[in-house]
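Visitor: After the structure tokens below, expect a handful of questions from me.
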Amino acid sequence: MQQGRSWWLAAGLCGMLLAGCQEKTADPKSKQVYTGPILETTNVTTLFSDSARLQVKLQAPLEQQFDNGDLVYPNGVTATFFEKDGTTVVNTLRGKYGRYTRSTNLYVVRGDVRVRNEVKQQSLETEELFYDRAKAKIYTQPQESVRVQTPTELLTGLGLEANEDFSRYRIFKPTGVFTVDQPLGE
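In this note's numbering, the protein residues as written are 236 to 421.
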């Protein structure tokens, strides 16, 4: 009986010695840099104004702020654009994900992106859209598929550039059927 205990004790000691001889994989003195968000805010509403007149209202269920000033909207974002009076809604932009890059002052919205001009009753659908607030311009990459619907037409193509209220736009490579008005008598 005593001999059986001794054997188990010797085996246990050998096991502990072998476990203690494993090679260390991480240097305990090396620092790990945290790259995640430094601040998270829920149910965010950000207002952009000029001369005390509302220009853009940005809303998101979650906003994550990073150390470099970038913002991420992982659960979607909605931007509402207003007329110069600051009260009349001109345009809305929605997407399932958004990101603001401070160094370029550029927003990118991804995932089922929809833009709607309320005044002209026209809409845009795409998967990725950029918003340059300084230039008051929205655009896609040239190869990005776009779909624009007006009260009288359905336009499709690749790539788009428009002013921020989506009242004027250009499709880079239009596809599909288009209505062309011709002067009478020709």
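Ideal Cβ placement from N, Cα and C applies to all residues, glycine included.
Just so we're clear, the structure is a prediction, and the values are computed from it rather than from any experiment.
Could you say if the stretch 380-387 and the stretch 334-349 meet the contact criterion of at least three C-beta pairs nearer than 8 Å?
Guide: No, the stretch 380-387 does not touch the stretch 334-349.
Visitor: In its own chain, which residues sit with a C-beta less than 6 Å from the C-beta of Glu396, not counting the 5 before and 5 after it?
Guide: Tyr374, Arg405.
Visitor: So, Lys408 versus Gly394, is the Cβ gap smaller than 8 Å?
Guide: Yes, they are a contact pair.
Visitor: Against chain E, does Ser358 count as a neighbour if the rule is that its beta carbon must be under 8 Å from one of theirs?
Guide: Annotation note: the requested chain E is absent from the structure, which comprises a single protein chain.
Visitor: With a threshold of 16 other CB atoms inside 10 Å of the CB of Leu389, please say whether the residue is buried or exposed.
Guide: Looking at its Cβ environment, which holds fewer than 16 other Cβ atoms inside 10 Å, Leu389 is exposed.
Visitor: Under a Cβ-count criterion, where at least 16 other Cβ atoms within 10 Å of its own Cβ denotes burial, should Val268 be classed as buried or exposed?
Guide: Val268 comes out exposed.
Visitor: CB-CB under 6 Å to Gly333, same chain, minus the five flanking residues each way: which ones, in chain order?
Guide: Closer than 6 Å at Cβ, skipping near neighbours: Tyr308, Val312, Val344.
Visitor: Distance, Cα to Cα, Ala369 vs Leu282?
Guide: Taking the straight line joining both Cα atoms gives about 15 Å.
Visitor: In whole angstroms, what separates the C-alpha of Gln378 from that of Leu306?
Guide: Whole-angstrom Cα-Cα distance: 26 Å.
Visitor: Straight-line CA distance for Gly271 to Leu297?
Guide: The straight-line gap from Cα to Cα measures roughly 14 Å.
Visitor: Do you know offhand how far Ala295's Cα is from Tyr342's?
Guide: Those two C-alpha atoms are separated by around 14 Å.
Visitor: Assuming Arg351 and Asn326 form a contact by the criterion Cβ under 8 Å, report the distance between their Cβ atoms to the nearest whole angstrom.
Guide: Sure, about 7 Å apart at Cβ, within 8 Å.
Visitor: Would DSSP call Gln356 helix, strand or coil?
Guide: Coil at Gln356, not helix or strand.
Visitor: Of all the options Asp347, Ser265, Leu289, which has the alpha carbon lying nearest to the alpha carbon of Arg329?
Guide: Considering only alpha carbons, the answer is Asp347.
Visitor: How about Leu364 and Phe401: are their beta carbons less than 8 Å apart?
Guide: Taking 8 Å as the Cβ cut-off, Leu364 and Phe401 do not qualify as a contacting pair.
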